[in-house]
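Worksheet: the structure to be examined is printed underneath.
Numbering (our numbering), first residue to last: 673 to 1101.
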């Protein structure tokens, strides 16, 4: 009974939330309370233990830190200087945007914020260099798909934490997601290379010139220096934690989490008056997504207690061949991400299935996590997703807008199918 109710609650949360524009997290959390307390009779302490406190804190600190850099224009100014330096090598600009999208989303900004920063720049640059908006758009979209999956970014942070919560792979979240990131890097780089070769010859009907960027303001210069310092600290602590012998300092560097460094960075930004804190909280902290994620995490925790994972694993074992399982998961994750958030719904729902599926069907857990990871990211280029919508809405060439929208939709479908094929090939190797 509890399994049936949990499964129905997940589906109803997504369907009702999308239909009536209610935050799915509120619905999912409400269902979690009803099923957990009334049906499973979970004690309050066990129920509240399901709350993803560490993830909420980490995402909040990371988005606050990069919110300061976005609000005072530090990131935008740095991008402008890099692109202007390439004005004599027009063919390199799409590739430069692609690489910058990977780096900016990968260092902690996250795919949504990176797209907000880069989409207007890419769409403004396209007519200036005589290139079609689609080429510059996919450069940003595929880049943030890769960078957003890195272990320092929101996607990597949330995914690693969910893996750490599983009994089978506790403490292995970051190593697993780092390897999954490299598979994601391979897939999206290959996909981008194909799209780049097919679209690089398409020219825009308008052509201008790249404007010379303004010099960095004092606040932007301080922000850039602080960014380098924070990133250097994160990398140094990570390396020292791996290289030092067992002892006090190894423990310090290992336990000094990314979120602690970001917290100190936010403190420094506030002390240096690099932005208005209330404005940055309102504009850049993804409260809706955090509510979304918290509610769905609670519901999935209750569902796990009810035995949904074991039930779905047995169902998959009897109906899906082991060889096709990674491809099937990639396809399911891709389709789900068309209708709901990857980080808030798709990954929290599908990741808990992996330990049982991997054990029952003797399929690599890395392959299964990667399948969900890659598949859930594929639809991010769709014009109905936040990333695709930002690209279309910022298109500067009016008559290209309709074609851009249709092209992005076709690419989203192609991405999902290619992801399933990619995982099938990996399964055969």
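Glycine is no exception: its CB is placed at the ideal position from the N, C-alpha and C atoms. From a predicted model like this one, the values you see are computed outputs, not experimental measurements.
ask   = CB-CB under 6 Å to residue 719, same chain, minus the five flanking residues each way: which ones, in chain order?
value = Your numbering for residue 719 matches position 47 in the chain shown. Counting only Cβ-Cβ distances below 6 Å, and skipping sequence neighbours, we find 708.
inquiry  = Please report the distance separating the alpha-carbon of residue 1038 from that of residue 771.
reply    = Your numbering for residue 1038 matches position 366 in the chain shown. Your numbering for residue 771 matches position 99 in the chain shown. One C-alpha to the other measures close to 25 Å.
query = Got a sec, what are the start and stop residues for the alpha helix (DSSP H) residue 849 sits in?
reply = Counted from its first residue, the chain shown places residue 849 at position 177. From DSSP, the alpha helix (DSSP H) with residue 849 extends over 845-871.
Which of helix, strand or coil DSSP assigns to residue 878 = Position 206 of the chain shown, counted from the start, is the residue given in the question as residue 878. The pLDDT assigned to residue 878 is 48, lower than 50, so where the model puts this residue is not dependable; a value taken from the coordinates is nonetheless given after this. Three-state result, residue 878: coil.
ask   = Does DSSP put residue 886 in a helix, in a strand, or in coil?
value = What you label residue 886 is simply residue 214 of the chain shown in a count that begins at 1. Three-state DSSP puts residue 886 in coil, outside helix and strand.
key: Collapsed DSSP secondary structure at residue 1123 in the structure displayed   = There is simply no residue 1123 to check, as the chain begins at 673 and stops at 1101 in what is shown.
key: Residue nearest to residue 941 in terms of C-alpha spacing, selected from 676, 740, 705, 972   = The residue given as residue 941 occupies position 269 in the chain shown. Comparing Cα positions, the closest option is 740.
query = Quick one: what does DSSP say residue 894 is sitting in, helix, strand or coil?
reply = Position 222 of the chain shown holds residue 894. Residue state, collapsed to three classes: helix.
key: Separation of residue 765 from residue 890, as counted between CA atoms   = Along the chain shown, read from residue 1 onward, the residue named residue 890 stands at position 218. Along the chain shown, read from residue 1 onward, the residue named residue 765 stands at position 93. Computed Cα separation, rounded: 27 Å.
task = Would you kindly work out how many angstroms separate the C-alpha atoms of residue 758 and residue 1098, rounded to a whole number?
result = The sequence position of residue 758 within the chain shown is 86, counting from 1. The sequence position of residue 1098 within the chain shown is 426, counting from 1. In a straight line, the C-alpha of residue 758 is about 37 Å away from that of residue 1098.
request  = Can you give me the Cβ contacts of residue 912 inside the same chain, cut-off strictly under 8 Å, excluding the 5 residues immediately before and after it?
outcome  = Numbered from 1 along the chain shown, position 240 holds the residue referred to as residue 912. The residues are 921, 922, 925.
inquiry  = Excluding the 5 residues flanking residue 849 on each side, which residues of the same chain have their C-beta closer than 6 Å to its C-beta?
reply    = As a working mapping, residue 849 is identified with position 177 in the chain shown. Contacts found: 823, 828, 831, 832.
query = Hey, is the segment 1020-1029 in contact with the segment 1060-1077, meaning 3+ C-beta pairs nearer than 8 Å?
reply = no
request  = Can you give me the Cβ contacts of residue 788 inside the same chain, cut-off strictly under 7 Å, excluding the 5 residues immediately before and after it?
outcome  = If you number the chain shown from 1, residue 788 lands on position 116. Correct list, in chain order: 1062.
ask   = Does DSSP put residue 693 in a helix, a strand or coil?
value = The count along the chain shown starts at 1 and reaches residue 693 at position 21. Residue 693 falls in the coil class under three-state DSSP.
task = Look up residue 934 in the DSSP assignment and say whether it is helix, strand or coil.
result = Translated into the one-based positions of the chain shown, residue 934 becomes position 262. Correct three-state label for residue 934: helix.
ask   = Does the beta-carbon of residue 904 have 16 or more other beta-carbons within 10 angstroms, so that it is buried, or is it exposed?
value = Indexing the chain shown from 1 puts residue 904 at position 232. Label assigned to residue 904: exposed.
query = Under three-state DSSP, which class holds residue 747?
reply = If you number the chain shown from 1, residue 747 lands on position 75. Helix, per DSSP.
query = Applying the criterion that 16 or more other CB atoms from any shown protein chain within 10 Å of the CB defines a buried residue, is residue 722 buried or exposed?
reply = Start at 1 with the first residue of the chain shown, and residue 722 comes out as number 50. So residue 722 ends up on the buried side.
request  = Assign residue 714 to one of three DSSP states: helix, strand, or coil.
outcome  = To locate residue 714, count along the chain shown from 1; it is residue 42. Three-state result, residue 714: coil.
query = With distances taken between CB atoms, is the gap from residue 786 to residue 815 smaller than 9 Å?
reply = In the chain shown, residue 786 corresponds to position 114, counting from 1. In the chain shown, residue 815 corresponds to position 143, counting from 1. Contact: yes.
ask   = According to the neighbour-count rule (16 or more other Cβ atoms, all chains shown, within 10 Å of its Cβ), is residue 662 buried or exposed?
value = The structure shown does not extend to residue 662, since the chain spans only 673 to 1101, so no value can be given for it.
key: Exposed unless 16 or more other CB atoms sit within 10 angstroms - verdict on residue 951   = One-based indexing of the chain shown puts residue 951 at position 279. By the neighbour-count rule (16 or more Cβ atoms within 10 Å), residue 951 is not buried but exposed.
request  = Give, in chain order, every unbroken run of the alpha helix (DSSP H) that is at least 4 residues long and sits entirely within the segment 991-1032.
outcome  = 997-1009, 1019-1022
ask   = How is the alpha helix (DSSP H) around residue 1078 delimited, first residue to last?
value = Reading the chain shown from its first residue, position 406 is the one you call residue 1078. Unbroken alpha helix (DSSP H) run through residue 1078: 1073-1100.
inquiry  = Give me the residue from 700, 762, 755 with the minimum Cα distance to residue 681.
reply    = Along the chain shown, read from residue 1 onward, the residue named residue 681 stands at position 9. Answer by Cα proximity: 700.
query = Can at least three beta-carbon pairs, one atom from the segment 970-989 and one from the segment 710-719, be found at a separation below 8 Å?
reply = yes
ask   = Are at least three pairs of beta-carbons, each pair with one atom in the segment 1048-1058 and one in the segment 1007-1024, less than 8 Å apart?
value = yes
ask   = In three-state terms, what does DSSP make of residue 706?
value = Residue 706 sits at position 34 when you count from the first residue of the chain shown. Residue 706: helix per DSSP, three-state reduction.
query = Where does residue 985 land, buried or exposed, given buried means 16+ other C-beta within 10 angstroms?
reply = On the chain shown, residue 985 is found 313 positions in, with the first residue counted as 1. The residue is buried, with at least 16 neighbouring Cβ atoms inside 10 Å.
request  = Leaving out five residues on either side along the sequence, give the residues of the same chain with a beta carbon under 6 Å from the beta carbon of residue 846.
outcome  = What you label residue 846 is simply residue 174 of the chain shown in a count that begins at 1. So the qualifying residues of the chain are 823, 832.
key: Given residue 793 as reference, the closest of 703, 949, 755, 1080 once Cα atoms are compared   = Here residue 793 is taken as the residue at index 121 of the chain shown, counted from 1. Nearest C-alpha to residue 793: 755.
query = Which residue's Cα is closest to the Cα of residue 961: 886, 1079, 1018, 748?
reply = The count along the chain shown starts at 1 and reaches residue 961 at position 289. Cα-wise, what sits closest to residue 961 is 1018.
ask   = Which residues bound the alpha helix (DSSP H) around residue 1063?
value = What you label residue 1063 is simply residue 391 of the chain shown in a count that begins at 1. That run of the alpha helix (DSSP H) goes 1058-1065.
ask   = What residue does the alpha helix (DSSP H) around residue 822 start on, and which one ends it?
value = Along the chain shown, read from residue 1 onward, the residue named residue 822 stands at position 150. Looking at the DSSP string, residue 822 is not in any alpha helix (DSSP H), and its letter there is neither H nor E.
Straight-line gap, residue 1066 to residue 1054 (C-alpha atoms, nearest Å) = Working through the chain shown from its first residue, we reach residue 1066 at position 394. Working through the chain shown from its first residue, we reach residue 1054 at position 382. For residue 1066 and residue 1054, the distance between alpha carbons rounds to 15 Å.
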